[in-house]
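Protein chains in written order, with this note's numbering: chain A, 12 to 122; chain B, -9 to 101.
One structure is given below, encoded as structure tokens.
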Amino acid sequence: NAGVTQTPKFRVLKTGQSMTLLCAQDMNHEYMYWYRQDPGMGLRLIHYSVGEGTTAKGEVPDGYNVSRLKKQNFLLGLESAAPSQTSVYFCASGISSYEQYFGPGTRLTVT
Amino acid sequence: KQEVTQIPAALSVPEGENLVLNCSFTDSAIYNLQWFRQDPGKGLTSLLLIQSSQREQTSGRLNASLDKSSGRSTLYIAASQPGDSATYLCAVRDYGQNFVFGPGTRLSVLP
């Protein structure tokens, strides 16, 4: 039982490049979330999903897209990376919206 | 818009001390409040979750209290140990899917 895993752990992108971050969970959770964490600002919700095939915007969705084609996977895409998207990205999942289990994070640098 | 603050931003104490971390939120219409621990370079680990109808929760040496009317929660750590050194974050959830995190308190427990 791996819990919540994130791929990749680190990535460096040039401005304008695209990439996809993968979050996978093996706990059969319905709810999944993507956050970004910036120094001094806490975590901010980017997008979330309440079940397979559903997605919704969080607090800071601009510049990101998501997909939840399979229940166990939640993908976060950056179509045209910008330096402002340099951050640590965390995925979380939960059996309901009651509680969240977090992955180890992806550190992304955009130059 | 809900805002969450945490005081102090950083705290350094000698081993064995009891300590209190503070979390304040601006909107008392919350569903629950959760305290997390984050070790450097790692994801978040849930410590305690308090539902809006509860006043406190306890787990081992940790005790969290909630005063919704005043918009405050405290995390009490008894007999602190060097292994308690980490950043502690609180997060409030409203009646939608919004989780709002505080910026965290960085705790150092000196041996």
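Glycine included, C-beta positions come from ideal geometry on N, C-alpha and C.
Simplified DSSP assignment, three categories, for residue i
i               : result
D49 of chain A  : strand
Q96 of chain A  : helix
G88 of chain A  : strand
G33 of chain B  : coil
D73 of chain A  : coil
G62 of chain A  : coil
G105 of chain A : strand
P72 of chain B  : helix
P4 of chain B   : strand
Listed by chain order, chain A residues near residue i by CB distance under 8 Å
i                : result
G61 of chain B   : Those within 8 Å of G61 of chain B in chain A number zero; the least Cβ separation is about 16 Å.
V(-6) of chain B : G53
Beta-carbon neighbours of residue i, restricted to chain B and to distances below 9 Å
i              : result
L56 of chain A : Q87, N88, F89, V90, F91
Residue i, enclosing beta strand (DSSP E) - first and last residue
i               : result
Q83 of chain A  : From DSSP, Q83 of chain A is part of no beta strand (DSSP E); its letter is neither H nor E.
M30 of chain A  : 30 to 36
T120 of chain A : 117 to 121
T26 of chain A  : That residue, T26 of chain A, is in no beta strand (DSSP E); it is neither H nor E in DSSP.
Y85 of chain B  : Looking at the DSSP string, Y85 of chain B is not in any beta strand (DSSP E), and its letter there is neither H nor E.
Listed by chain order, chain B residues near residue i by CB distance under 7 Å
i               : result
F113 of chain A : G33, L34
Y59 of chain A  : Q87
Within chain A, partners of residue i - CB distance below 7 Å
i              : result
L79 of chain B : G53
Residues that residue i contacts on chain A, provided the C-beta gap is smaller than 9 Å
i               : result
G150 of chain B : Residue coverage of chain B in this structure runs from -9 to 101, which leaves residue 150 of chain B outside it and unanswerable.
Residue i Cβ short of 7 Å to the ligand NAP heavy atom set
i               : result
S104 of chain A : The ligand NAP is not part of the structure shown, which contains no ligands of any sort.
inquiry  = I'd like to know if the stretch 67 to 79 of chain B and the stretch 25 to 45 of chain A are in contact, where contact means that at least 3 CB-CB pairs between them fall below 8 Å.
reply    = Two segments are said to touch when three or more pairs of C-beta atoms, one from each, lie closer than 8 Å; by this definition the stretch 67 to 79 of chain B does not touch the stretch 25 to 45 of chain A.
message = Whether or not the stretch 80 to 94 of chain A and the stretch 47 to 65 of chain A are in contact is what I'm after, with contact meaning three or more pairs of Cβ atoms, one per stretch, closer than 8 Å; do they touch?
response = Three or more beta-carbon pairs separated by less than 8 Å link the stretch 47 to 65 of chain A to the stretch 80 to 94 of chain A, which places the two stretches in contact.
key: Ordered list of beta strand (DSSP E) runs contained in the stretch 6 to 53 of chain B, each at least 3 residues   = Correct list: 9 to 15, 22 to 28, 34 to 41, 46 to 49.
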